[in-house]
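Going by full-length UniProt numbering, the letters in the sequence shown line up with residues 1 to 349, in that order. Where is the CB? At the ideal position from N, CA and C, for every residue including glycine.
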Amino acid sequence: MGGKSRNQDWGLIAASAFMFAVSSLLQILARKVPGFGDWYARRVYRFMVGSIGRLSGGFPFALVEAVTYLLIVYVVFYVFIHRKEGKKILIRAVFLVTGLFLLFTINCGINYYRKPFSSYSGLDMRKSSIEELESLCLKLTDDINRMCAEGIAKEMNLKSLEKESVKAMKRLGEAYPELAGYYPHPKPLLWSYFFSVQQLCGQYSPFTIEATYNRSMPDYNIPHTVCHELSHLRGFMREDEANFIGYLACIGSEDDGFRYSGYLTGWVYATNALAKADRVAYAEICGQLSEKAWDDLRYNNEFWGKYEGKTAEVSNRMNDTYLKLNSQSDGVNSYGRMVDLMLAYARLK
């Protein structure tokens, strides 16, 4: 038995070393070899989405959530049983961590080094005037007010929402081929409190290739969130660009709830940028927004305000560190990349 256990340990050590070496090599290639990230996202990662993503998409629940709970129970049970065998526990812990690192690398990490979406979109990315920004804010205000006057359903059926999100992303893929392809349905966490306490709207799981979202948050937030997360399944990992892709998918949807979500989310980003550039114009535009929309924004602030605290603060710091480790260091470009993309898109209209 002792010899068999030692052989297992050496096998796990060798497997851990191999997975770490492969992950490190891929990370280096993505960072140092021009075009590798693009090639990988277009050729290899698309296959991963079409295979692993299709498999996990067949489950009616968030597979990553179920696996996480089971893994926690297993680890606690295993450590308790083998609590006196520190070396055995350490070897298996290293094996688990390197395995997760490999999954992260092949299903997410490399994609941070592909070309940004703006490179494929044909949008005129340049510095915009305050007048252009104010015009965008006014246009979004008019769109929101019109929809509020016509009446927007407050309650959203999750099943129809998940189907419409895939439909909206596929429709967007007709205009932007880089977004075309298979999309699994996004899934809500059963225990959404886990996201709420971290002040997270949603998350892409590189371990199961799933787009998950917080079903407890205000309804208007959900359509944009699910489209944002689905954009990661096309290999666009930059958060600001995922926000813009989510915005485009929503405003191009045939569903009123999706369009409202896109317009109101875009309005928040654009007016926040305007507030920094021209407080007077910002105040005037805020005064023109429909009271119904203000009700949604107030409720949104109240909802997230309930979860402010140390956990959210730690989560935000960890997320910031994660983004920096993955070279998301575009910095502030003019009004911010999300708003710059919205302004560039507005110039096409």
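Burial state of residue i, where buried means 16 or more other Cβ atoms lie within 10 Å
{"i": "Gln199", "result": "buried"}
{"i": "Gly151", "result": "exposed"}
{"i": "Lys115", "result": "exposed"}
{"i": "Ser24", "result": "exposed"}
{"i": "Tyr204", "result": "buried"}
{"i": "Asn7", "result": "exposed"}
{"i": "Glu65", "result": "buried"}
{"i": "Lys187", "result": "buried"}
{"i": "Asn214", "result": "buried"}
{"i": "residue 351", "result": "Limits of the chain in this structure are 1 at one end and 349 at the other, which puts residue 351 out of reach."}
{"i": "Val226", "result": "buried"}
{"i": "Arg146", "result": "exposed"}
{"i": "Ala242", "result": "buried"}
{"i": "Trp267", "result": "buried"}
{"i": "Arg42", "result": "exposed"}
{"i": "Phe244", "result": "buried"}
{"i": "Ser16", "result": "buried"}
{"i": "Ser56", "result": "buried"}
{"i": "Gly257", "result": "buried"}
{"i": "Arg259", "result": "buried"}
Assigned secondary structure, residue i (DSSP; H/G/I helix, E/B strand, else coil)
{"i": "Asp330", "result": "Caution is warranted here: a pLDDT of 45 is assigned to Asp330, below 50, making its placement in the model unreliable, and the coordinate value is therefore given only provisionally. Coil."}
{"i": "Glu162", "result": "helix"}
{"i": "Cys108", "result": "coil"}
{"i": "Asp320", "result": "Any reading at Asp320 is ruled out, since the residue's pLDDT is 47, under 50, leaving its predicted position unreliable."}
{"i": "Phe59", "result": "coil"}
{"i": "Ser129", "result": "coil"}
{"i": "Arg114", "result": "coil"}
{"i": "Glu65", "result": "helix"}
{"i": "Arg347", "result": "coil"}
{"i": "Phe18", "result": "helix"}
{"i": "Leu123", "result": "coil"}
{"i": "residue 351", "result": "Since the first residue of the chain shown is 1 and the last is 349, residue 351 is not available in this structure."}
{"i": "Arg92", "result": "helix"}
{"i": "Glu174", "result": "helix"}
{"i": "Lys84", "result": "coil"}
{"i": "Leu138", "result": "helix"}
{"i": "Gly50", "result": "helix"}
{"i": "Ile152", "result": "coil"}
{"i": "Gly11", "result": "helix"}
{"i": "Gly336", "result": "coil"}
Sub-8 Å separation of residue i and residue j beta-carbons
{"i": "Ile106", "j": "Met19", "result": "no"}
{"i": "residue 356", "j": "Ala175", "result": "This structure gives no information on residue 356, because the portion of the chain shown stretches from 1 to 349."}
{"i": "Lys163", "j": "His185", "result": "yes"}
{"i": "Pro206", "j": "Phe95", "result": "no"}
{"i": "Thr265", "j": "Ala62", "result": "no"}
{"i": "Glu132", "j": "Leu343", "result": "yes"}
{"i": "Tyr247", "j": "His232", "result": "no"}
{"i": "Cys137", "j": "Ala346", "result": "no"}
{"i": "Leu297", "j": "Ser118", "result": "no"}
{"i": "Ile222", "j": "Leu161", "result": "yes"}
{"i": "Ile144", "j": "Leu289", "result": "yes"}
{"i": "residue 350", "j": "Pro218", "result": "Any question about residue 350 goes unanswered here, given that the chain covers just 1 to 349."}
{"i": "Gly336", "j": "Ala281", "result": "no"}
{"i": "Met237", "j": "Cys148", "result": "no"}
{"i": "Asp240", "j": "Met338", "result": "yes"}
{"i": "Gly262", "j": "His228", "result": "no"}
{"i": "Gly11", "j": "Asn111", "result": "no"}
{"i": "Gly53", "j": "Ile209", "result": "yes"}
{"i": "Leu230", "j": "Tyr182", "result": "no"}
{"i": "Ser196", "j": "Ser165", "result": "no"}
{"i": "Leu102", "j": "Val22", "result": "yes"}
Do the region 250-263 and the region 161-174 meet, that is, are 3 or more Cβ pairs less than 8 Å apart?
Output reads yes: the region 161-174 touches the region 250-263.
Where are the beta strand (DSSP E) runs, 3 residues long or more, that stay fully inside the region 176-220, in chain order?
Segments of the beta strand (DSSP E) lying fully in the region 176-220: 202-205, 210-213.
Restricting to runs no shorter than 4 residues, where is the alpha helix (DSSP H) found entirely within the region 222-310?
Taking only runs of at least 4 residues, the alpha helix (DSSP H) segments lying wholly in the region 222-310 are 239-251, 256-277, 279-288, 291-305.
Okay, do the region 84-103 and the region 186-195 touch, 3+ Cβ pairs below 8 Å being the bar?
These segments do not touch.
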